[in-house]
Structures are given as C-alpha cells and as structure tokens.
Amino acid sequence: MSWKLRMDVVIEAAFDALPDDVRERLALALANACTDPYASTTPFGEDDGVMRLLVLPDVMAVLLITSALGTVRVVQIDH
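Numbering of the sequence shown is given in this note's numbering, commencing with residue 20 and proceeding in unit increments.
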C-alpha cells in the first residue's frame, strides 16, 4: 500500500524554511514513511499506531497515521 503524504500550509512553510540538506534528508525519510510508516518511525507517546515520530540526526517530525484513509500527515517539524 502506498500512503499519501499530507501537511498543512504552516507545516509546509516550516519544511520549506529548513536548510537545503536537512530538507532533502527529511523529504527522503518522509517518502520512506509513505512506503511503510510503521517500519520507518517509532511510537510517539503511547504506542497507539496513530502518532509516530520520524527521527533524523538533525530534524524530527511528528506524524499522524490514518490507516482508514491511507494518509501520513506531518503535524510538527523540529530542527
């Protein structure tokens, strides 16, 4: 199953503001998360299978996984 990536305009602006190299690494990691969001992320808080954390050495993203819709939504980016 291929998952759809979603982010609102505020998160997209934060993504666009990242340094080029960080943005590229995060984009690749998010693409991997859209292939298998559970294998490429860790639970965020309680392991409910919904909120996941994508951690790279210099950036992390909180993701909302919606299985019914097949979406991976970026809800926060920290650099």
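The beta-carbon is built from N, C-alpha and C at its ideal position, and this holds for glycine as well. Every value quoted in this text rests on a predicted model; they were computed, and no experiment measured them.
One thing to note: Val41 has its Cβ within 8 angstroms of the Cβ of Val78. For Gly68, there are no CB contacts under 6 angstroms within the same chain when 5 residues up- and downstream are skipped. Contact between Met70 and Leu83 holds, since their C-beta atoms are separated by about 6 angstroms, short of 8 angstroms. Straight through space, the alpha carbons of Gly89 and Phe34 are spaced by roughly 22 angstroms. By the neighbour-count definition (other C-beta atoms within 10 Å, threshold 16), Thr54 is an exposed residue. As a beta-bridge residue in DSSP terms, Leu24 pairs with Val91. For a cut-off of 8 angstroms, the C-beta gap from Val91 to Pro38 is around 23 angstroms, too long to register as a contact. Note on Ala80: 16 or more other CB atoms within 10 angstroms of its CB, so buried under the neighbour-count rule.
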